[in-house]
Every structure is written in C-alpha cells, then in structure tokens.
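Please read the structure below before turning to the comments.
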Amino acid sequence: AQKVTQAQTEISVVEKEDVTLDCVYETRDTTYYLFWYKQPPSGELVFLIRRNSFDEQNEISGRYSWNFQKSTSSFNFTITASQVVDSAVYFCALSGSFMNTGFQKLVFGTGTRLLVSP
Amino acid sequence: GAGVSQTPSNKVTEKGKYVELRCDPISGHTALYWYRQSLGQGPEFLIYFQGTGAADDSGLPNDRFFAVRPEGSVSTLKIQRTERGDSAVYLCASSLYPQETQYFGPGTRLLVL
Numbered sequence: 001a002q003k004v005t006q007a008q009t010e011i012s013v014v015e016k017e018d019v020t021l022d023c024v025y026e027t028r029d030t031t032y033y034l035f036w037y038k039q040p041p042s043g044e045l046v047f048l049i050r051r052n053s054f055d056e057q058n059e060i061s062g063r064y065s066w067n068f069q070k071s072t073s074s075f076n077f078t079i080t081a082s083q084v085v086d087s088a089v090y091f092c093a094l095s096g097s098f099m100n101t102g103f104q105k106l107v108f109g110t111g112t113r114l115l116v117s118p
Numbered sequence: 119g120a121g122v123s124q125t126p127s128n129k130v131t132e133k134g135k136y137v138e139l140r141c142d143p144i145s146g147h148t149a150l151y152w153y154r155q156s157l158g159q160g161p162e163f164l165i166y167f168q169g170t171g172a173a174d175d176s177g178l179p180n181d182r183f184f185a186v187r188p189e190g191s192v193s194t195l196k197i198q199r200t201e202r203g204d205s206a207v208y209l210c211a212s213s214l215y216p217q218e219t220q221y222f223g224p225g226t227r228l229l230v231l
C-alpha cells in the first residue's frame, strides 16, 4: 500500500524567511513517482514537480527546491525567501508504478498549510 | 490554453436528492480522473477514465456514485440519494496520457444539508 505523511499541519513564517515542508512516503514499488502540488485559497491544485524514483538529483526552480532521499523515504520541499503569495496548502503525493496500475494513481498526504506574513 | 473546468463551482442540495457534477478536461487529454477532498484532508482518488471507459473505479465509495464520459471528453459525476457525509470538494483532473502529469480543475464544492 502507498502512504504519504506530511507531519507539519501548519507553518507560519515571516516574509523572506526560508521554509521547508516535509514529506515522508511508504511504498513497496521499486518504481514510483513523487509530486508536489500547491492549493491556493481558490482551491485549484497547481502542479509543481514530478520526480521518478530513479532520479535522486535535487532540483531547483527559482525560489523552490526539492530534496529527494530514498534512504529516508523523504521528498522535502524548500521555499527560499518566502513571499506572501506563497501562502497556500501544499500537498505531497505518491504514485506507484504505472506498469502495475495502468495510470498514475495519486495518493496524497494531508497537506501542510503555509502562512507567510508580511 | 484553457485548463480543466468544472461546473458548478458550488452546489447546495438536500439530503436524499440527486446531483450531477460536470468536468471539462484540457482539450486533447485522453485520461480523466475524479477525486474527493474532505475538509482538512488531501484529495482521494475516486475513478479514472481512459477514453470513454472507466478503467478504474475502485475509489468510488458505494453504488450511489457513478460517473460517465460518453464521448471521451466531458465527464459527469453523479451522486444519488445524497447524504450529509457526501459534502466535500470534488476535484477533476486530466492528463494527456495515463502516465503523464495530472492537471486539476478548481473543484465543485458540494454541501448536503
């Protein structure tokens, strides 16, 4: 069974602070995919990143960076120099091998609410 | 181009009534998914369509829930005899192919009184 744990329910920071959102996953698949989505107050889930299990290279996109560590089953997300517009709920998600299910069946964590104050 | 759209954005109904929720995927996307998000939770998978057929409906909670995609584009999620526990945000997503990234719509917020 697939499981995603986001232990941080809510994080509050002041603008320009760096913040890391934790994600721990469980899966028995050797091939799997990890995702981060952002859900602003409007409600729409916005795709941020997809990572497959064979690519442990860290990724940076502007102020966003992701640290994937298979040894600890973690896929953490860091926002550098946070801004008020980063305020949202962030979801980590996991999908098992496409070959097993025929599609990317996403299992989401419970989300971390990030509040960035001016 | 246009993203995934869902109508209505909000729906209030009474217990026992029938409701239909509509999803218009991104043009050309072959795969379509429905998820349900309860308050304070992450989205939970309901059903997946490849083309016109429901390839995986393992997430539908019971037989009051049904979904169709008759022409392989627009999909309708149908809930019969609604219960208060059905209150949630229903999210639709689509992807170009089943193994590709899913893009979500804004959701329909359903409230059953």
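Quick mapping for you: the protein sequence lines, in order, are chains C and P. For what it's worth, my numbering labels the leading residue of the first sequence as 1, then goes sequentially. For what it's worth, my numbering labels the leading residue of the second sequence as 119, then goes sequentially. Glycine residues also receive a C-beta, built at the ideal position from the N, C-alpha and C atoms. Please read these numbers as outputs of a predicted model, since none were measured by experiment.
Does the beta carbon of P/L157 come closer than 9 angstroms to any beta carbon on chain C? To locate residue 157 of chain P, count along the second sequence from 1; it is residue 39. Taking Cβ atoms only, chain C never reaches closer than 9 angstroms to P/L157, which makes this a no.
**Message:** Just to confirm the assignment, what range does the beta strand (DSSP E) spanning P/N180 have?
**Reply:** Sequence index remark: in the second sequence, residue 180 of chain P carries index 62 (1-based). Where P/N180 is concerned, there is no enclosing beta strand (DSSP E), because DSSP gives it neither an H nor an E.
If you draw a straight line from the alpha carbon of P/A206 to that of P/Y151, how long is it in whole angstroms?
In the second sequence, counting from the first residue as 1, residue 206 of chain P sits at position 88. In the second sequence, counting from the first residue as 1, residue 151 of chain P sits at position 33. Roughly 16 angstroms separates the two Cα atoms.
Q | chain C contact for P/S213 (CB, 9 angstroms cutoff) | A | For the purposes of this step, residue 213 of chain P is taken as residue 95 along the second sequence, with counting starting at 1. With 9 angstroms as the cut-off, P/S213 counts as an interface residue toward chain C.
Checklist line | Identity of the residue in C/K38, C/V107 and C/Y37 nearest P/F163 by Cα | finding: Along the second sequence, read from residue 1 onward, the residue named residue 163 of chain P stands at position 45. Of the listed residues, the one whose Cα sits closest to P/F163 is C/V107.
Item to complete: For my contact list, P/P224 and P/Q155 are in at a C-beta cut-off of 8 angstroms; report their separation, rounded to the angstrom.
Response: Indexing the second sequence from 1 puts residue 224 of chain P at position 106. Indexing the second sequence from 1 puts residue 155 of chain P at position 37. Wrong, their Cβ atoms sit about 12 angstroms apart, outside the cutoff.
Original post:
At a CB-CB cut-off below 9 angstroms, which residues of chain P make contact with C/E44?
Top reply: As a position in the first sequence, residue 44 of chain C is number 44, starting the count at 1. Per Cβ cutoff of 9 angstroms: G121, V122, L209, F222, G223, P224 and G225.
Is there a C-beta anywhere in chain A that falls below 9 angstroms from the one on P/Y151? Checking the listed chains, one finds no chain A in this structure; the protein chains it contains are C and P.
Discussion item. Short of 8 angstroms in beta carbon distance, which residues of its chain neighbour C/Q39, apart from the five on each side in sequence? Order them along the chain.
Written reply: The residue labelled residue 39 of chain C in the question sits at position 39 within the first sequence. Within the same chain, Cβ atoms closer than 8 angstroms to the Cβ of C/Q39 are found at L45, V46, A88, V89, Y90, F91 and G111, the five residues on either side in sequence being excluded.
### Query
Do you know offhand how far C/D22's Cα is from C/S74's?
As a position in the first sequence, residue 22 of chain C is number 22, starting the count at 1. As a position in the first sequence, residue 74 of chain C is number 74, starting the count at 1. C/S74 has its alpha-carbon roughly 7 angstroms from the corresponding atom of C/D22.
Is it the case that the region 181 to 197 of chain P contacts the region 58 to 78 of chain C, given that we only count it when at least three CB pairs across the two stretches are under 8 angstroms? no
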